[in-house]
Amino acid sequence: MASFSYTARTEAGDLRRGEVEAATRTEAARLIQAHGLFAVALRRKSALHLARRRAADRKYAMVFCRELALMLAAGLAANESLQLLAADAPQKRRAMLSDMARRMAHGATLAEAMAQHGEVFPPTISSLVRAGEAGGSLEPLLKRLADKEEKSWRVREKLQTALVYPALLALAAAFAVTFIFLFVLPNFVHMLDGLAVELPLPTRLVLGIGSLFERHGGAVLAALFVFPMALRLLYRERRLHFFADRLLLRLPLFGRLRLDLELMTLFDTLAVLMESGSALHEALAASEGVVQNRFLAALVSRVRREVERGGTLAAALAGSVVPPLVWELVRAGEHTGELAAMLEKAADFCRFAGEMRAERMEAMLEPLLVLFLGAVVGTVVLAVALPLLEMIGSYGY
Numbered sequence: 017m018a019s020f021s022y023t024a025r026t027e028a029g030d031l032r033r034g035e036v037e038a039a040t041r042t043e044a045a046r047l048i049q050a051h052g053l054f055a056v057a058l059r060r061k062s063a064l065h066l067a068r069r070r071a072a073d074r075k076y077a078m079v080f081c082r083e084l085a086l087m088l089a090a091g092l093a094a095n096e097s098l099q100l101l102a103a104d105a106p107q108k109r110r111a112m113l114s115d116m117a118r119r120m121a122h123g124a125t126l127a128e129a130m131a132q133h134g135e136v137f138p139p140t141i142s143s144l145v146r147a148g149e150a151g152g153s154l155e156p157l158l159k160r161l162a163d164k165e166e167k168s169w170r171v172r173e174k175l176q177t178a179l180v181y182p183a184l185l186a187l188a189a190a191f192a193v194t195f196i197f198l199f200v201l202p203n204f205v206h207m208l209d210g211l212a213v214e215l216p217l218p219t220r221l222v223l224g225i226g227s228l229f230e231r232h233g234g235a236v237l238a239a240l241f242v243f244p245m246a247l248r249l250l251y252r253e254r255r256l257h258f259f260a261d262r263l264l265l266r267l268p269l270f271g272r273l274r275l276d277l278e279l280m281t282l283f284d285t286l287a288v289l290m291e292s293g294s295a296l297h298e299a300l301a302a303s304e305g306v307v308q309n310r311f312l313a314a315l316v317s318r319v320r321r322e323v324e325r326g327g328t329l330a331a332a333l334a335g336s337v338v339p340p341l342v343w344e345l346v347r348a349g350e351h352t353g354e355l356a357a358m359l360e361k362a363a364d365f366c367r368f369a370g371e372m373r374a375e376r377m378e379a380m381l382e383p384l385l386v387l388f389l390g391a392v393v394g395t396v397v398l399a400v401a402l403p404l405l406e407m408i409g410s411y412g413y
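The following block contains the structure:
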């Protein structure tokens with residue numbers, strides 16, 4: 017799904033601005049028209065903007081569950097709590113909370129009101145709230161949801177923080193290498209060509225690379241910008257997206273880290289859903305949307321179908337990308353009848369493994385990037401110095 021921002025007019029001619037999610041531009045225009053609006057401008061949001069908005073929505077869902085749980089524990093009704101939250105919320109959230117309060121005033125349940133704002137509250141959250149309302153345990157369930165989301169959020173924040181410095185260092189290294197070969201090395205080419213000595217192999221190799229940059233520098237710089245954009249366009253293709261996500265999980269270190277984070281979210285969600293009274297196949301169906309990696313989402317869908325046919329969760333996960341220790345926890349949970357508790361332990365294990373892997377990645381990437389940059393600069397300096405030293409030696413100094 018893509019996100020589109022639009023400017024539209026009502027039948028009365030008033031301007032309206034907003035956002036809509038759709039697979040294509042045509043579908044987005046159709047959704048806008050279905051709300052009685054006539055689109056004037058329609059623009060696709062960038063993937064970066066969409067990722068930032070989803071992260072903000074996910075964080076707000078965590079805060080909302082925490083605040084609503086506190087108000088319910090204080091004895092306030094859900095509808096009254098929503099009105100109080102709306103009064104103190106930013107403009108963007110205020111409209112959503114007011115709409116939810118209005119729907120509840122007209123007879124809707126909290127889960128039904130939340131389901132109308134799926135961009136902030138995914139189906140897993142609304143399903144859990146529905147179960148909590150039915151069982152009379154809404155307040156503790158909201159607190160548990162907030163705890164789960166907070167743990168996941170802290171792990172992802174730690175990962176992003178751990179990768180910021182290596183990413184900046186990699187970017188600086190790329191620019192430094194490009195600058196050296198485009199602007200520094202060409203100044204030495206004519207000087208070295210005039211020396212009456214045979215150039216050593218390292219010097220000839222470096223000068224060859226420098227000449228390539230000098231002749232095709234524009235093409236090299238263009239490729240540095242075009243290549244990521246081309247990958248991004250290819251990533252939008254459904255089949256290539258599936259293949260890329262599968263390949264991503266096989267990358268050394270980073271792939272396993274991504275797997276840990278995805279499994280942490282999946283098992284956390286399954287545990288909460290099952291503790292709230294959902295059957296395993298229902299929990300799996302509701303959890304398919306929490307997995308971002310398409311290869312893993314397809315795995316969850318296949319596992320759900322096998323469970324619906326009477327298979328066990330452990331048997332369905334056997335031989336998959338799920339780590340052996342996690343699989344053993346699932347198998348033990350089914351054997352002892354404590355599957356929800358073991359799924360929670362599996363999520364904790366994946367969370368701990370992800371944190372350790374993030375720290376290890378940060379510790380490895382920083383010195384490797386520094387060594388790479390030092391090796392490039394050292395090679396260039398050596399390539400320039402060797403013929404000069406040979407020339408000095410030939411004169412007997």
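According to our numbering, the sequence shown holds residues 17 to 413 in order.
Glycine is no exception: its CB is placed at the ideal position from the N, C-alpha and C atoms.
Computed from a predicted model, the values in this text were never measured in an experiment.
Is there a C-beta anywhere in chain C that falls below 7 Å from the one on residue i?
| i | result |
| --- | --- |
| arginine 109 | No chain C appears in this structure, which consists of one protein chain only. |
Around the C-beta of residue i, are 16 or more other C-beta atoms found within 10 angstroms, so that it is buried, or is it exposed?
| i | result |
| --- | --- |
| leucine 267 | exposed |
| lysine 108 | exposed |
| asparagine 203 | exposed |
| glycine 226 | buried |
| leucine 329 | buried |
| valine 242 | exposed |
| glutamate 165 | buried |
| proline 138 | buried |
| phenylalanine 199 | exposed |
| methionine 245 | exposed |
| alanine 131 | buried |
| glycine 349 | buried |
| leucine 88 | buried |
When DSSP labels each residue in this structure, what does residue i get in the three-state scheme?
| i | result |
| --- | --- |
| arginine 272 | helix |
| threonine 26 | coil |
| leucine 58 | strand |
| phenylalanine 80 | helix |
| leucine 92 | coil |
| phenylalanine 20 | strand |
| leucine 277 | helix |
| leucine 201 | coil |
| arginine 266 | coil |
| leucine 282 | helix |
| leucine 215 | coil |
| arginine 32 | strand |
| aspartate 104 | coil |
| glycine 390 | helix |
| serine 97 | helix |
| alanine 357 | helix |
| glutamine 308 | coil |
From residue i to residue j, what does the alpha carbon distance come to, in whole angstroms?
| i | j | result |
| --- | --- | --- |
| alanine 334 | tryptophan 343 | 7 Å |
| valine 180 | glutamate 382 | 11 Å |
| leucine 158 | glycine 327 | 31 Å |
| alanine 28 | glutamine 49 | 14 Å |
| alanine 24 | alanine 111 | 18 Å |
| alanine 301 | threonine 281 | 14 Å |
| alanine 356 | leucine 286 | 7 Å |
| alanine 379 | glycine 271 | 17 Å |
| leucine 201 | leucine 223 | 8 Å |
| leucine 154 | leucine 86 | 11 Å |
| valine 396 | phenylalanine 197 | 9 Å |
| leucine 296 | valine 79 | 28 Å |
| valine 337 | alanine 299 | 20 Å |
| leucine 415 | glutamate 360 | The requested residue 415 is not part of the displayed model; the chain covers only 17 to 413. |
| alanine 332 | valine 319 | 5 Å |
| glutamate 371 | lysine 167 | 11 Å |
Between which residues of its own chain and residue i is the CB-CB distance below 7 Å, once the five residues before and five after are set aside?
| i | result |
| --- | --- |
| alanine 374 | Lys174, Leu175, Ala178, Leu273 |
| alanine 369 | Asp276 |
| histidine 161 | It should be pointed out that residue 161 corresponds to leucine in this sequence rather than to histidine. Answer for leucine 161: Cys81, Ile141, Leu144, Val288, listed in chain order. |
| serine 317 | Glu304 |
| alanine 192 | Leu389 |
| alanine 102 | Arg110, Leu113, Ser114, Ala117 |
| phenylalanine 54 | Ala24, Arg25 |
| aspartate 261 | Asn309, Arg310, Phe311 |
Using a Cβ-Cβ cutoff of less than 8 Å, which residues in the same chain neighbour residue i once the five nearest sequence positions on both sides are dropped?
| i | result |
| --- | --- |
| glycine 134 | Ser142 |
| leucine 398 | Pro218 |
| arginine 41 | Phe20, Leu58, Arg60 |
| phenylalanine 365 | Leu341, Val342, Leu345 |
| serine 292 | Leu144, Ala147, Gly148, Gly151, Ser153, Leu157 |
Note down, in chain order, each residue of its chain lying with its Cβ closer than 6 Å to the Cβ of residue i, except the 5 sequence neighbours on either side.
| i | result |
| --- | --- |
| valine 393 | none |
| methionine 120 | Asn95, Ala129 |
| glutamate 278 | Val307, Asn309, Leu312 |
| methionine 377 | Leu269 |
| arginine 367 | Val171, Met280 |
| aspartate 284 | Lys164, Ala363 |
| leucine 84 | Ser97, Leu158 |
* Inter-stretch contact (C-beta, 8 Å, three-pair minimum) for the stretch 177 to 186 and the stretch 381 to 400 -> yes
* When the Cβ atoms of the stretch 43 to 53 are set against those of the stretch 111 to 118, are three or more pairs found closer than 8 Å? -> no
* Determine, using beta-carbon pairs with one atom in the stretch 256 to 267 and one in the stretch 295 to 310, whether at least three such pairs fall under 8 Å. => yes
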